[in-house]
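J.: Let me begin by handing over the structure; questions about it come next.
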């Protein structure tokens, strides 16, 4: 039965966990859609995912910068862009076995994607309740109680220690 996973928290590894599940599904011959919100596609995992025929990757094709630095016009453009990205992924999910909405929580929390759209999608997802139903992964910090309530799995990744706290910047191939 297609279930809903949430990988959340302030620790490192939410996207990594989602990508691991996507690779596992693709390796089992399942069709996977991965939509990346508010992230550029310069992460190392993007290159390998592009090589997997079972995976359809929908990158955030436009870099709007940090939300906190955007003027109102840019925020509106970014919101329109990310909502359309969500709708594109939701449409492609109709023929998929697994869909990953990476950093969707940030998109919701910044007002870029209406939470109602996600809750409606979860409620009306393709093949809901069927043995071969659509598996869904949502990642990001601070999911709402409504989204947590709609999930079957909630894995909270907690930061105990991180090199960034010592001034060590993100490293390609490890953090991105």
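Residue numbers (our numbering): 37 to 212.
Backbone N, C-alpha and C fix where the C-beta goes; we use that ideal spot for every residue, glycine too.
In this text the structure is predicted, and so the values were computed from the model without any measurement.
#1: On a CA-only basis, which of 63, 42 and 73 is nearest residue 101? Give me that one, please.
#2: Please report the straight-line C-alpha distance between residue 113 and residue 176, rounded to a whole angstrom.
#3: Can you have a look at residue 194 and say buried or exposed, based on whether 16 or more other CB atoms are within 10 angstroms of its CB?
#4: What does DSSP give as the partner residue(s) for residue 92 in the beta ladder?
#5: Considering only residues of the region 138-190, which uninterrupted beta strand (DSSP E) runs meet the minimum length of 3 residues and lie entirely inside it, listed in chain order?
#6: Comparing alpha-carbon positions, which option in 155, 148, 151 and 163 lies nearest residue 134?
#7: Between the C-alpha atoms of residue 56 and residue 155, what's the straight-line distance to the nearest angstrom?
#8: Do residue 62 and residue 90 have their beta-carbon atoms positioned less than 8 Å apart in this structure?
#9: Are residue 110 and residue 96 closer than 8 Å when you measure CB to CB?
#10: Write down the C-beta distance between residue 179 and residue 42 rounded to the nearest angstrom, noting that I regard them as a contact closer than 8 Å.
T.: According to the structure data:
#1: The shortest Cα separation from residue 101 among 63, 42 and 73 belongs to 73.
#2: Taking the straight line joining both Cα atoms gives about 21 Å.
#3: Under a 10 Å Cβ-count criterion, residue 194 is classified as exposed, with fewer than 16 other Cβ atoms of the shown protein chains found around its own Cβ.
#4: Within the DSSP secondary-structure output, residue 92 pairs in a beta bridge with 69.
#5: List check, beta strand (DSSP E) in window: 171-175.
#6: Residue 163 is the option with its Cα nearest to residue 134.
#7: Taking the Cα positions, residue 56 is about 24 Å away from residue 155.
#8: Yes, the Cβ-Cβ distance between residue 90 and residue 62 is below 8 Å.
#9: By the CB criterion at 8 Å, residue 110 and residue 96 fall outside the cutoff.
#10: Sure, about 6 Å apart at Cβ, within 8 Å.
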